[in-house]
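Enquirer:
There are 2 protein chains.
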Amino acid sequence: MNRDADPLFKPLARDALSQRIAQMLTDAIVSGRLKPGDRVAESVIARDLGVSRAPVREAGRLLESAGLLVSKANRGFFVRTIDATDLDSLYELRLCIEREAIARVVREGRVAQIMPVLLAQIEEMITSASENQLIYQIGVDLQFHRCIVEASGNGRFLTVFDNLASEIQACTALIERVFDEPGLVARNHFLIIEALETGNEDRARAAMEYHIGVARKAVVGHFRSLETGAAQ
Amino acid sequence: MNRDADPLFKPLARDALSQRIAQMLTDAIVSGRLKPGDRVAESVIARDLGVSRAPVREAGRLLESAGLLVSKANRGFFVRTIDATDLDSLYELRLCIEREAIARVVREGRVAQIMPVLLAQIEEMITSASENQLIYQIGVDLQFHRCIVEASGNGRFLTVFDNLASEIQACTALIERVFDEPGLVARNHFLIIEALETGNEDRARAAMEYHIGVARKAVVGHFRSLETGAAQ
DNA sequence: TCAAGCAAAATTGTCGACAGCCGACAATCA
DNA sequence: TGATTGTCGGCTGTCGACAATTTTGCTTGA
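Chains as they are written, first to last, in the numbering used here: chain U, 898 to 1129; chain Y, 898 to 1129.
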């Protein structure tokens, strides 16, 4: 009779333990409490949390495949270090994905569908920028881009993007202040909105390329200066 | 040949367990001995191999992040099923990566450096095609493309490609014979060689786009016909 | 003082065990 | 007969334990 037309109860999340541990570690990394190169000993984490090492290990593997951790044989996990060159490669990959994604969004006529969400997120970015919540602002920024990638309809794009995003968030969280003028990032997103409104695939591509290019130059440049500055 | 030059005494005896199990499972999947949807119970594998479940579990997680397996909560691992739409997304992602990769190879003047290897691999493809070793031929094909991606100098491209490649290999291994004329694939690669020789970035991009497009149409088309044919 | 060597501590890789969860089948009821 | 409920076997999630390896810190000798 009345099938699951409206799921009264959502399936509750199981496997919560390793998932929750992974989320915890992710938060610690993207917020900068765990810094690149830091050791993440599964036995220590397990002791602290009062659980066995197995779920911690699972969480570590999860974050390893997400690119936040690396593991060395018999040495355990370490927060992934990333240099400017690698970061540049990351942004180049991101560009490839997002450029095609936004083109697909336009091509398949999904612009109107996501526009309200995009505008709301820009609003959120402006608010959090004025309140100086940099890490949160970066999160919203990435959510904005994720929306576009998701709407592209290519699930593989989304998978790669999600992996990218966590790494980029972790890196940018290390930077105190990239953009001197608060709210600049938020307003830069309007260029993408405008391009989307034209409904022109190539313009959308170009807008995304420009947009990501700006961030790429800023973030990678900052990292490169950090490296040469801290070079011993 | 005598391979004594290689480290006969394995420096990688540790943690090799989960690695070796992962390799074993990978082989089983890409060779088609394990088919999409098949259950991969860690306890069964562990019993068969005479090891505990822990390393099997690790291997499963590894292959999960590589996209060859999926895991369901409390049910364990299953060989990933893939439909034509998803496969098409996969090829679109592959296109994005390889198009930029080959452009970078040209731009950074690495053509001469990899040309001998590429030619040798085409030779190998022709040989194995005539001997009807389809699975091996697909492997060499992917190696050819991997060379280009590796030479691009963008490590992130390579990571994504490696994940892609195992999935594509697993899918194509399911197809008895995509290309009716043996050796056609091999000769198609000469188009890429020619484009590389011109040293023109855009021509290289176009060649790769065409090349992947051909495979994409053939493989995805084949899958789609399988689906509609086997629709229940 | 410092380097080398060695032993203790810490940490990972692997194992077997146990409880809870899932799907399948049998039993019950309308 | 058809649908719901109880039961069972198998499997996963998690745990504590042990062996192998790495790291640490101390001792020793020059």
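All C-beta atoms in this analysis are idealised placements derived from N, C-alpha and C, irrespective of residue type, glycine included.
Computed from a predicted model, the values in this text were never measured in an experiment.
Are three or more beta carbon pairs between the segment 985-1000 of chain U and the segment 991-1002 of chain Y nearer than 8 Å?
Expert: At 8 Å Cβ cutoff, the stretches touch.
Enquirer: In this structure, how does DSSP classify Y:L965 when only helix, strand and coil are distinguished?
Expert: coil
Enquirer: What is the residue span of the beta strand (DSSP E) that Y:G973 lies within?
Expert: 973-976
Enquirer: Please list, in chain order, the chain U residues whose beta carbon lies closer than 7 Å to that of Y:G1052.
Expert: Near Y:G1052 (Cβ distances below 7 Å), the residues of chain U are D983, S986.
Enquirer: At a Cβ threshold of 7 Å, is Y:L965 touching chain U?
Expert: For Y:L965, the answer is no, since every Cβ of chain U falls outside 7 Å of its Cβ.
Enquirer: Output yes if chain Y places a C-beta closer than 7 Å to the C-beta of U:L990; else output no.
Expert: Closer than 7 Å to some Cβ of chain Y, the Cβ of U:L990 qualifies, so yes.
Enquirer: Show which residues of chain U have a CB atom less than 7 Å away from the CB atom of Y:S1063.
Expert: The premise fails here: Y:S1063 is roughly 14 Å from chain U at the closest Cβ pair, so nothing lies under 7 Å.
Enquirer: Ends of the alpha helix (DSSP H) at Y:E1047?
Expert: 1031-1048
Enquirer: Could you please give me the residues that DSSP links to U:R936 through a beta bridge?
Expert: U:F975
Enquirer: On the three-pair Cβ rule with 8 Å, is the segment 1112-1122 of chain Y touching the segment 982-991 of chain Y?
Expert: The way I'd put it, the segment 1112-1122 of chain Y does touch the segment 982-991 of chain Y; three or more beta-carbon pairs between them come closer than 8 Å.
Enquirer: Taking DSSP as the reference, what is the three-state secondary structure of U:V948?
Expert: coil
Enquirer: Quick one: give me the first and last residue of the alpha helix (DSSP H) that U:N1051 is part of.
Expert: Taken as a continuous stretch (DSSP letters only), U:N1051 belongs to no alpha helix (DSSP H), as it is neither H nor E.
Enquirer: Thinking C-alpha only, which one of Y:G934, Y:Q1066, Y:V948, Y:C1044 is nearest Y:L1031?
Expert: Y:Q1066
Enquirer: Classify U:S1049 as buried or exposed, calling it buried when 16 or more other Cβ atoms lie within 10 Å of its own Cβ.
Expert: buried
Enquirer: When the distance is taken between beta carbons, is U:I1011 closer than 7 Å to U:H1086?
Expert: no
Enquirer: Is the CB of U:S1122 under 7 Å away from at least one CB in chain Y?
Expert: False, the Cβ-Cβ gap to chain Y never drops below 7 Å.
Enquirer: Are the CB atoms of U:E1091 and U:V1003 nearer to each other than 7 Å?
Expert: No.
Enquirer: If I measure Cβ to Cβ from Y:Y988 and keep anything under 6 Å in the same chain, skipping five residues before and after, which residues do I get?
Expert: So the qualifying residues of the chain are R1113.
Enquirer: Measure the beta-carbon distance from U:F1054 to U:A998 and round it to whole angstroms, keeping in mind my assumption that it falls under 8 Å.
Expert: Yes, they are in contact, since the Cβ atoms of U:F1054 and U:A998 sit about 5 Å apart, within 8 Å.
Enquirer: Could you check what DSSP says for Y:L931 in three-state terms: helix, strand or coil?
Expert: coil
Enquirer: Would you say U:S962 faces chain Y, with C-beta separation under 7 Å as the test?
Expert: yes
Enquirer: How should U:R1130 be labelled, buried or exposed, when 16 other C-beta atoms within 10 angstroms of its C-beta is the threshold for buried?
Expert: With chain U running from 898 to 1129 in the structure shown, residue 1130 of chain U is simply not present.
Enquirer: Since Y:A957 and Y:E1064 are thought to touch, with beta carbons under 8 Å apart, how far apart are those beta carbons, to the nearest angstrom?
Expert: It should be noted that the sequence gives Gly, not Ala, for residue 957 of chain Y. About 16 Å separates the two Cβ atoms, so there is no contact after all.
Enquirer: Taking 7 Å as the CB-CB limit, is U:A1000 close to chain Y?
Expert: no
Enquirer: Can you confirm whether U:R1084, when its beta carbon is compared against all beta carbons of chain Y, has any partner nearer than 7 Å?
Expert: no
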